[in-house]
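Data first, discussion second: the structure below is written as structure tokens.
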Amino acid sequence: QFPTGSSSTNPFL
Amino acid sequence: PELPWAIKSEEKAKYDSIFDSLNPVSGLLSGEKVKPVLLNSKLPVDILGRVWELSDIDHDGMLDRDEFAVAMFLVYCALEKEPVPMSLPPALVPPSKR
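Sequences listed follow chains A and B, in order. Just so we're aligned, residue 1 is where the first sequence starts under the working numbering, counting upward by one. Just so we're aligned, residue 1 is where the second sequence starts under the working numbering, counting upward by one.
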């Protein structure tokens with residue numbers, strides 16, 4: 001997984 | 001031998017009571033419900049973003065009981081100045097997700 005992650009599932013991004 | 005989960009049962013019980021207090025829907029908490037709790041830790045948002053990435057193991061945008069415990073564990077570690085790892089240590093992966 002990527003540390004930045006995807007904003008679609010991450011409420012903090 | 002099976003790697004014991006890093007989260008001890010008394011900690012897990014504490015996290016479970018927080019989980020239940022947030023009214024999970026079919027055993028899941030949405031990001032919107034979890035966000036205020038994690039923001040309460042006063043940790044920077046980029047750290048919380050990484051905590052979320054590591055704890056939302058199935059990347060469904062929701063946290064189940066075990067994923068929530070992982071998130072809380074990582075937040076408490078960060079509050080004790082333990083850097084949040086870039087990837088989830090195997091001992092932290094809930095047995096249900098291995």
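Using N, Cα and C, we set each Cβ at its ideal position, and we do this for glycine too. Model, not experiment: these values are computed from the prediction.
Which whole-angstrom value is the C-beta distance of residue i and residue j, which I expect to be below 8 angstroms?
i, j, result
"L92(B)", "F73(B)", "7 angstroms"
"V34(B)", "A71(B)", "7 angstroms"
Consider the Cβ of residue i: report whether some Cβ of chain A lies at a distance smaller than 8 angstroms.
i, result
"D56(B)", "yes"
"E82(B)", "no"
"V37(B)", "no"
Is it buried or exposed for residue i, if we count other Cβ within 10 angstroms and need 16 for buried?
i, result
"E82(B)", "exposed"
"M62(B)", "buried"
"Q1(A)", "In this prediction, Q1(A) scores a pLDDT of 45, lower than 50, which makes its location untrustworthy; the coordinate-derived value is nonetheless stated afterwards. Burial call: exposed."
"A78(B)", "buried"
DSSP beta-bridge partners for residue i?
i, result
"V25(B)", "L28(B)"
Tell me, please, whether the CB atom of residue i is closer than 8 angstroms to any CB atom in chain B?
i, result
"T9(A)", "yes"
Practice problem: Select from the segment 17-30 of chain B all residues with a C-beta closer than 9 angstroms to any C-beta belonging to chain A, and list them in chain order. | Solution: S30
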